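A.B. asks:
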Amino acid sequence: MAANVGSMFQYWKRFDLQQLQRELDATATVLANRQDESEQSRKRLIEQSREFKKNTPEDLRKQVAPLLKSFQGEIDALSKRSKEAEAAFLNVYKRLIDVPDPVPALDLGQQLQLKVQRLHDIETENQKLRETLDEYNKEFAEVKNQEVTIKALKEKIREYEQTLKNQAETIALEKEQKLQNDFAEKERKLQETQMSTTSKLEEAEHKVQTLQTALEKTRTELFDLKTKYDEEITAKADEIEMIMTDLERANQRAEVAQREAETLREQLSSANHSLQLASQIQKAPDVEQAIEVLTRSSLEVELAAKEREIAQLVEDVQRLQASLTKLRENSASQISQLEQQLSAKNSTLKQLEEKLKGQADYEEVKKELNILKSMEFAPSEGAGTQDASRPLEVLLLEKNRSLQSENAALRISNSDLSGRWAELQVHVTEVMATAAEQR
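Printed below as a string of structure tokens:
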């Protein structure tokens, strides 16, 4: 209901009836003025039509008459529509012009509805207060008849006091014993952890030292092997270069010897040809025949020498080629062996480096020991850096003092609880006395 009244109030407030009435009033005034003007214009039009009929020839009047009738019909229709619209407007105007604005009434109704709702809430609250007051009265009436109950409560309070005191002492003793047991257990575990960590550290240091020594040795061997490999490669390259130079020279000498042998063969062929010519000339003197024989003999000897030299050079070339082939095979074999050794050394070096990386938990073990100390003995922020390097015995003594201080604090807390219990008992006594006075 409140929502409907509120929505209606907002609607009529936005509608603004008074502004609409003012606008309708202004429009009605304008329409009245226009009606007067229209009536006067109509009269003037009638007079002009009469004058037109009097002053216009009959044949012209007959021609214009249909047009004038059509025009008159349209004017009459427009006049009729205008009158009907004006009549409808005036009807709406007459009904709305004197209608009162409902906004103030709706506003007042909304305020009254809120007041009614508030009144209903107040009545509900008063009803709850009455019920609460009735409950208090019932409880007060019950309290007046509870003297026996109060005595029983006093006895229970004394029993609770004694029980609480005994429980507090028992809890304090149990807490102290538990703290001592926990401290002893933590101390034992810490000593075991320290011994184990120390053993691990010594073992790790030994392994690291061994691995570093092996790594350095392997690096030295690898360097020596690389140096030897480079020297072997250089020596073999120099030897191959020398053999290739000798081979090239032998080839050049063989070519020269072959060219000389060809020259000697040509000379020998020429000598044979001359000898044939000499045999045809039987009358030639004996001296010339002897010269030709000697020349032929010397050429044959020189040719045989050149052929032997060529054979020797060919043999040298074959021997050098065999040596070069053998040298290449030996060099390839040695290079392969050196490369295998180099690969083996590199593999060993990588394994040692991986083992050395595997011992990287050496520093982590140290960090874990320091963290364990800090967790067990909880150093303060100001002395955190100093406690990290202090001996374990000193930390244990400080932890023992801390536990003793905590035990003393628990005893003080037990005493405070006993005092608060006494105060509570006094307060209960005062309440009982007040109830007796009211009775």
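Just so you know, numbering that gives the first Met the number 0 puts the end of the sequence shown at 438, numbered straight through with nothing missing. Ideal placement from N, C-alpha and C gives every residue a C-beta, glycine not left out. These figures come from a predicted structure and were not determined experimentally.
Just the Cα atoms here: how many angstroms apart are Glu-158 and Gln-116?
C.D. replies: For the purposes of this step, residue 158 is identified with residue 159 of the sequence shown, where counting begins at 1. For the purposes of this step, residue 116 is identified with residue 117 of the sequence shown, where counting begins at 1. Taking the straight line joining both Cα atoms gives about 54 Å.
A.B. asks: Check this for me: beta carbons of Phe-439 and Gln-71, under 8 Å apart or not?
C.D. replies: Here the chain covers residues 0 to 438 and nothing more, so residue 439 does not appear.
A.B. asks: DSSP three-state label for Asp-459, please.
C.D. replies: This structure gives no information on residue 459, because the portion of the chain shown stretches from 0 to 438.
A.B. asks: In terms of residues, what are the limits of the alpha helix (DSSP H) holding Asp-24?
C.D. replies: Along the sequence shown, one-based indexing puts residue 24 at 25. Run containing Asp-24: 16-54, per the alpha helix (DSSP H) assignment.
A.B. asks: How many angstroms separate the CA atom of Thr-55 from the CA atom of Pro-65?
C.D. replies: For the purposes of this step, residue 55 is taken as residue 56 along the sequence shown, with counting starting at 1. For the purposes of this step, residue 65 is taken as residue 66 along the sequence shown, with counting starting at 1. If you take the alpha carbons of Thr-55 and Pro-65, they lie about 15 Å apart.
A.B. asks: So, do the stretch 127-143 and the stretch 43-50 have three or more beta carbon pairs nearer to each other than 8 Å?
C.D. replies: Too few Cβ pairs lie closer than 8 Å, so no.
A.B. asks: Suppose contacts are defined by Cβ-Cβ distances below 8 Å. Is Ile-96 in contact with Gln-39 by that definition?
C.D. replies: Reading the sequence shown from its first residue, position 97 is the one you call residue 96. Reading the sequence shown from its first residue, position 40 is the one you call residue 39. For Ile-96 and Gln-39, no; Cβs fall outside 8 Å.
A.B. asks: Could you tell me whether the Cβ atoms of Val-102 and Lys-12 are closer together than 8 Å?
C.D. replies: The count along the sequence shown starts at 1 and reaches residue 102 at position 103. The count along the sequence shown starts at 1 and reaches residue 12 at position 13. The answer is yes: Cβ separation under 8 Å.
A.B. asks: Measure the alpha-carbon distance for Glu-124 versus Asn-3 and round it to whole angstroms.
C.D. replies: The residue labelled residue 124 in the question sits at position 125 within the sequence shown. The residue labelled residue 3 in the question sits at position 4 within the sequence shown. Cα to Cα, the separation comes out at about 26 Å.
A.B. asks: Please report the Cβ distance between Arg-60 and Lys-68, rounded to the nearest whole angstrom; I am assuming they are in contact, meaning their Cβ atoms lie under 8 Å.
C.D. replies: Residue 60 sits at position 61 when you count from the first residue of the sequence shown. Residue 68 sits at position 69 when you count from the first residue of the sequence shown. Rounded, the Cβ-Cβ distance is 12 Å, inconsistent with contact.
A.B. asks: Please determine, among Gln-333, Val-300, Gln-339, Glu-259, the residue with the shortest C-alpha to C-alpha distance to Ile-309.
C.D. replies: The count along the sequence shown starts at 1 and reaches residue 309 at position 310. It is Glu-259.
A.B. asks: Who are the Cβ neighbours of Lys-344 in its own chain at under 7 Å, not counting the five residues just before and after it?
C.D. replies: Numbered from 1 along the sequence shown, position 345 holds the residue referred to as residue 344. Around Lys-344: Thr-217, Glu-220, Leu-221, Leu-224.
A.B. asks: Kindly list the residues whose CB is nearer than 7 Å to the CB of Lys-177, restricted to its own chain and excluding five residues on each side of it in sequence; keep chain order.
C.D. replies: Position 178 of the sequence shown, counting from 1, holds the residue named residue 177. Same-chain partners within the cutoff: there are none.
A.B. asks: Measuring straight from C-alpha to C-alpha, what distance separates Pro-284 and Arg-307?
C.D. replies: Reading the sequence shown from its first residue, position 285 is the one you call residue 284. Reading the sequence shown from its first residue, position 308 is the one you call residue 307. Confidence at Pro-284 is low in this model, with a pLDDT of 49, below 50, so the placement of that residue is unreliable and no value is reported for it.
A.B. asks: Which same chain residues end up closer than 7 Å to Ser-401 when comparing Cβ atoms and leaving out the 5 residues on each side of it in sequence?
C.D. replies: As a working mapping, residue 401 is identified with position 402 in the sequence shown. Hits under 7 Å: none found.
A.B. asks: Run the CB neighbour count on Leu-132, radius 10 Å, all protein chains shown included, and call it buried at 16 or more, exposed below.
C.D. replies: For the purposes of this step, residue 132 is taken as the residue at position 133 of the sequence shown. Classification of Leu-132: exposed, given that the 10 Å Cβ count is below 16.
A.B. asks: Buried or exposed: where does Ser-379 fall if 16 or more other Cβ atoms within 10 Å of its Cβ makes it buried?
C.D. replies: Here residue 379 refers to the residue found at position 380 when the sequence shown is read from its first residue. Reliability fails at Ser-379, whose pLDDT of 46 lies under 50, so the model's placement of it is uncertain and no value is given.
A.B. asks: Out of curiosity, what's the CA-to-CA distance linking Gly-381 and Thr-347?
C.D. replies: Working through the sequence shown from its first residue, we reach residue 381 at position 382. Working through the sequence shown from its first residue, we reach residue 347 at position 348. Legend: pLDDT at Gly-381 = 45, less than 50; position of this residue unreliable, no value from coordinates given.
A.B. asks: Would you call the stretch 229-243 and the stretch 321-328 in contact, with 3 or more CB pairs under 8 Å?
C.D. replies: The stretch 229-243 vs the stretch 321-328: in contact.
A.B. asks: If we count the other Cβ atoms within 10 Å of its Cβ and call it buried at 16 or more, is Leu-107 buried or exposed?
C.D. replies: If you number the sequence shown from 1, residue 107 lands on position 108. It counts as exposed.
A.B. asks: Is the CB-CB distance between Phe-88 and Leu-16 below 8 Å?
C.D. replies: In the sequence shown, the residue the question calls residue 88 occupies position 89. In the sequence shown, the residue the question calls residue 16 occupies position 17. No. Outside cutoff.
A.B. asks: Using a threshold of 8 Å, state whether the C-beta atoms of Leu-44 and Tyr-92 are closer than that.
C.D. replies: As a first step, residue 44 must be located in the sequence shown, where it is residue number 45. As a first step, residue 92 must be located in the sequence shown, where it is residue number 93. No. Outside cutoff.
A.B. asks: With the cut-off set at 8 Å, would you say Leu-319 and Asp-245 are in Cβ contact?
C.D. replies: For the purposes of this step, residue 319 is taken as residue 320 along the sequence shown, with counting starting at 1. For the purposes of this step, residue 245 is taken as residue 246 along the sequence shown, with counting starting at 1. Yes, the Cβ-Cβ distance between Leu-319 and Asp-245 is below 8 Å.
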